[in-house]
Amino acid sequence: MNRCRTMLFMPGNNPGMLASAGSLGADIVIFDLEDAVAQAEKDTARILVRNTLTYLKPATEVTVRINALDTPYWKDDIDAAIQGGAEYILAPKCAQASDVHTLMGAIEEAEARTGTTKKLLLIALIESALGVENAFALATSHPRLTGILLGAEDLTAELGAKRTAVGQEILYARSRIVMACRAAGIKALDTPFPFVTDLEGLAADAAFSAQLGFDGKAVISPHHVHAVNEAFSPTAEQVRWAERVMVVARRAKEEGKGAVSLDGMMIDLPIIKRAERILSRAADTTETCNA
Amino acid sequence: MRDKLLPDMATALREAGLADGMTISFHHHMRNGDHVLNAVLAEAAKQGVKNLTLLSSSIFPVHAPLIEHIKNGVVTELDTNYMSGPVAAAVSRGLLEKPVMFRSHGGRPRAIREGSRVIDIAFVAAPTVDPMGNISGSLGPAACGSLGYAVPDAECAKTVIAVTDNLIDTTLESVSIPHDRVTHVVKMDSIGDPKGIVSGSTSMTRDPVALAIARKAQAAIRASGLLKDGFNFQTGAGGASLATAQYLREDMIRMKLKGGFLLGGITKYLVDMLEEGLFDSIYDVQCFDLAAVESIRKNAAHHEISADTYASPRQKSCCVDFLDTVLLGASEIDVNFNVNVHTDSNGMIIGGSGGHNDAAAGAAMTIIVAPLIRARLPIVVDRCTTITTPGNTVDVLVTERGIAVNPARPDLADRFRDAKLDVYSIEELRAMALKIAGEPRKVEFTDRIVGTVEYRDGTIIDSLRAPA
Chain A
999 MNRCRTMLFM PGNNPGMLAS AGSLGADIVI FDLEDAVAQA EKDTARILVR
1049 NTLTYLKPAT EVTVRINALD TPYWKDDIDA AIQGGAEYIL APKCAQASDV
1099 HTLMGAIEEA EARTGTTKKL LLIALIESAL GVENAFALAT SHPRLTGILL
1149 GAEDLTAELG AKRTAVGQEI LYARSRIVMA CRAAGIKALD TPFPFVTDLE
1199 GLAADAAFSA QLGFDGKAVI SPHHVHAVNE AFSPTAEQVR WAERVMVVAR
1249 RAKEEGKGAV SLDGMMIDLP IIKRAERILS RAADTTETCN A
Chain B
2 MRDKLLPDMA TALREAGLAD GMTISFHHHM RNGDHVLNAV LAEAAKQGVK
52 NLTLLSSSIF PVHAPLIEHI KNGVVTELDT NYMSGPVAAA VSRGLLEKPV
102 MFRSHGGRPR AIREGSRVID IAFVAAPTVD PMGNISGSLG PAACGSLGYA
152 VPDAECAKTV IAVTDNLIDT TLESVSIPHD RVTHVVKMDS IGDPKGIVSG
202 STSMTRDPVA LAIARKAQAA IRASGLLKDG FNFQTGAGGA SLATAQYLRE
252 DMIRMKLKGG FLLGGITKYL VDMLEEGLFD SIYDVQCFDL AAVESIRKNA
302 AHHEISADTY ASPRQKSCCV DFLDTVLLGA SEIDVNFNVN VHTDSNGMII
352 GGSGGHNDAA AGAAMTIIVA PLIRARLPIV VDRCTTITTP GNTVDVLVTE
402 RGIAVNPARP DLADRFRDAK LDVYSIEELR AMALKIAGEP RKVEFTDRIV
452 GTVEYRDGTI IDSLRAPA
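First to last, the sequence lines map onto chains A and B.
Throughout, the numbering used here is defined as the position within the first sequence, counted from one, plus 998.
Throughout, the numbering used here is defined as the position within the second sequence, counted from one, plus 1.
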């Protein structure tokens, strides 16, 4: 997974939105076959998503959110994602490592059956208390699991917590998931901000999410894409700082010095690593306006 | 003491000597709320006048009764800058014997001033008229703000009749058209429906594709090197154009810039930028909403300008000459960057240049904003059905799927690539659209010429034929 600052949900049953999904600035689009699609439209949506992937080939990477393991749809959804050539499957309601094993078994079986060489990657959606508690076990459950996305709506409903714009009620779950993903070396992806018209709340929430260490964030509206991309992109000031750190660090290495200082701050390995991370993110970021 | 007030329209037409074969003119500031053009033609028809040439700066759906007047021979020739609605549809199908003369907002005053179009009687819908005959566009129940398009008519017509529903008995402080240009004044119950004249408020689009186009357009403006103190800007009131103005505003605040002037049709969003101190002034030839009308009345930095000052190539200079960037729309753009805003995908008339080819000619950078595919049809075509604006005055096409730069502007292409914008050739954008939407069947046309497109300088650059 390369850039994943924004993952934009698009309802799988809306042809116009699927067709323009790749041009709305999100790093990844999620074609949703689950919650956005009514039961009576599951088949049509699946066909529409497969055909969009096959014939329109969106300019971005595509994730297909399949239906949950306790529905009769998920295996057909996986087939459609493989036939269309999606990059990722987003699997809802993952609570334990065995869920991932079940999914990966079906994915591998479908890949073998269709003879595809492209390997689907999996993103697990944790949206229950059990899932949060099992975060590390889930994160390390399979080599093709590439990231974990927090789904705070179902989680807070289960907890009996009130979902707020500030999000204190999900701080533990967020931190737990970032920790588990970092420990496992996979991407930590934050829950969408649910209040569509509250753009100030969105900017604050996305900034806090980046501060916690998330790699990116799902969004439920195209209007949220730009602010979230900005929150997960280094600022020009951060980039300048990182470049200066690297200059100082290189000079120290040439001169055989261990630790050096910049603007009164000691430059050691953790600082250099942070600077490298900023520069790598900056190189990864096309003009934010493209978003 | 002289009294210009005549008792009614019938007397006004007789006093003005309206006769067969004359040219009468109207401005379009009442837009789709206009009551004046229909009232004048109804009276002319009643008086048995025939063969009139109608020089109206635009024709809107409200002017549908014109169709009957054409059928009955009251009006036999049209000269306009824009038409939409039933008249446009009927003209497309061959309603008129003579082709409609389509001009630009700058070309019309040029033609009037140089005398190639002589106006016998100009009817000026006048929101407020004082005892001397001074006209204000900004006061009264049908206030429309600027009366810019009426100025050349008022200055050059042999007879000028101000038609008003608001006669005041004090002298106007601020005048759009001075009394020395006004021959007669006549009162109507209502010269226009405010709902059709200006929209109460112009709302920002929430269409994600339009917003994606706007983000890219603003990125292009930022990357162009033109965005600096003194930046002069024009944009329309369309979804992507207006959204770009919002993103421009955010950038200007962040970059602590102060622009020069805002130009064109004025909306609340532009007024807000003036009031926030982001621009020195607004040059307003036409108000699009109530906020703009309010602003032109109150704010000394919000200037009313004539169509000549706005865009006429006959002036020593006009405002469009000083534009750094203009954003314009397109119903089609071809691989040579020619733009069509006259006809739709069925070959029917849906508009006209308005200020399109004027602003494109003047601006340092002309950006066309359009979705790559509209209603399942590719916007980029091999050859435009109608050329409104020549490709040599168009620099950039911004779509939601990528940006194309006119090969004549390698400097801009380099800047955009340096800024990591997604630049394609226009042929690549066309191929992208065709891959998604396929090649639409060509519209067939008859040999019947229904319109002539005059470029702003007087050159005839295209003609319109009736679709088969």
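Where is the CB? At the ideal position from N, CA and C, for every residue including glycine.
- B/ILE369 is outside the set of residues whose beta carbon lies under 8 Å from a beta carbon in chain A.
- Annotation for B/PHE446: GLY348, ARG466, ALA467, PRO468, ALA469 place their beta carbon closer than 8 Å to its own, counting only its chain and skipping 5 residues before and after.
- In this structure, the beta-carbon distance from B/LEU53 to B/ALA65 does not fall below 8 Å.
- The beta-carbon separation of A/ILE1265 and A/PRO1232, rounded to 18 Å, does not stay under the 8 Å limit for a contact.
- Rounded to the nearest whole angstrom, the C-alpha separation of A/MET1102 and A/LEU1120 is 8 Å.
- Inter-residue distance for B/LYS299 and B/VAL272 is about 11 Å (C-alpha atoms, whole angstroms).
- The criterion of a C-beta distance shorter than 8 Å is satisfied by B/PHE232 and B/GLY260.
- Ranked by Cα distance from B/ARG182, the options B/SER175, B/ALA409, B/ILE136, B/MET205 are led by B/ILE136.
- Within the region 92 to 116 of chain B, the runs of alpha helix (DSSP H) that reach at least 4 residues and sit entirely inside it are, in chain order, 108 to 115.
- Against chain A, the beta carbon of B/GLU401 has neighbours under 8 Å at SER1018, SER1021, LEU1022, listed in chain order.
- Of A/THR1112, A/VAL1237, A/MET1263, the smallest CA-CA separation from A/ALA1281 is found for A/VAL1237.
- Secondary structure at B/PHE280: strand, using DSSP grouped into helix, strand and coil.
- Restricting attention to beta strand (DSSP E) runs no shorter than 3 residues, the region 259 to 313 of chain B encloses them at 260 to 267, 280 to 288, 303 to 305, ordered along the chain.
- Among the residues of the region 413 to 426 of chain B, those with a Cβ less than 7 Å away from any Cβ of chain A are ALA420, LYS421, LEU422, ASP423, in the order of the chain.
- Here B/LEU378 has SER346, PRO441 as same chain residues with Cβ atoms under 6 Å from its own Cβ, once five neighbours each way along the sequence are excluded.
- Counting the other CB atoms within 10 Å of its CB gives A/ALA1038 a total below 16, which places it among the exposed residues.
- What A/PRO1220 touches in chain B, judged by beta-carbon distance under 8 Å, is PRO209, LEU212, ALA213, going in chain order.
- Taking C-alpha positions only, B/ALA220 is separated from A/GLU1059 by approximately 23 Å.
- Among the residues of the region 1046 to 1060 of chain A, those with a Cβ less than 9 Å away from any Cβ of chain B are TYR1053, LEU1054, LYS1055, ALA1057, in the order of the chain.
- As the crow flies, the alpha-carbon of B/VAL397 is around 13 Å from that of B/ALA362.
- Taking the Cα positions, B/LEU328 is about 22 Å away from B/GLU277.
- Here the alpha carbons of B/ASP154 and B/ASN73 stand approximately 26 Å from one another.
- Beta-bridge partners of A/GLN1236 (DSSP): none assigned.
- In its chain, beyond the 5 residues on either side, ASN1011 have a beta carbon closer than 7 Å to the beta carbon of A/THR1042.
- In the three-state scheme derived from DSSP, where H, G and I count as helix and E and B as strand, A/GLU1125 is classed as coil.
- In this structure the region 1175 to 1194 of chain A touches the region 1139 to 1152 of chain A; the number of beta carbon pairs closer than 8 Å is three or more.
- A straight-line Cα-Cα distance of about 26 Å links A/ARG1279 and B/MET253.
- Comparing alpha carbon positions, the residue from A/LEU1054, A/ARG1001, A/ARG1048 closest to A/ILE1080 is A/ARG1048.
- The Cβ atoms of B/GLY86 and B/LYS196 do not sit closer than 8 Å to each other.
- As the crow flies, the alpha-carbon of B/ASN82 is around 9 Å from that of B/GLY107.
- DSSP, reduced to helix, strand and coil, places A/SER1018 within a helical segment of the structure shown.
- Scanning its chain for C-beta atoms nearer than 6 Å, with the 5 sequence neighbours on each side dropped, one finds around B/LEU96 the residues ILE71, in chain order.
- For the set A/GLU1253, A/VAL1245, A/ALA1084, the Cα lying nearest the Cα of A/LEU1260 is the one of A/VAL1245.
- Within 8 Å of the CB of A/HIS1224, the CB atoms of chain B belong to ARG216, in sequence order along the chain.
- B/GLU44 sits in a helix when the DSSP states are folded into three classes.
- Around B/ILE437, the beta-carbon contacts reaching into chain A at under 9 Å are ALA1017, TYR1053, LEU1054.
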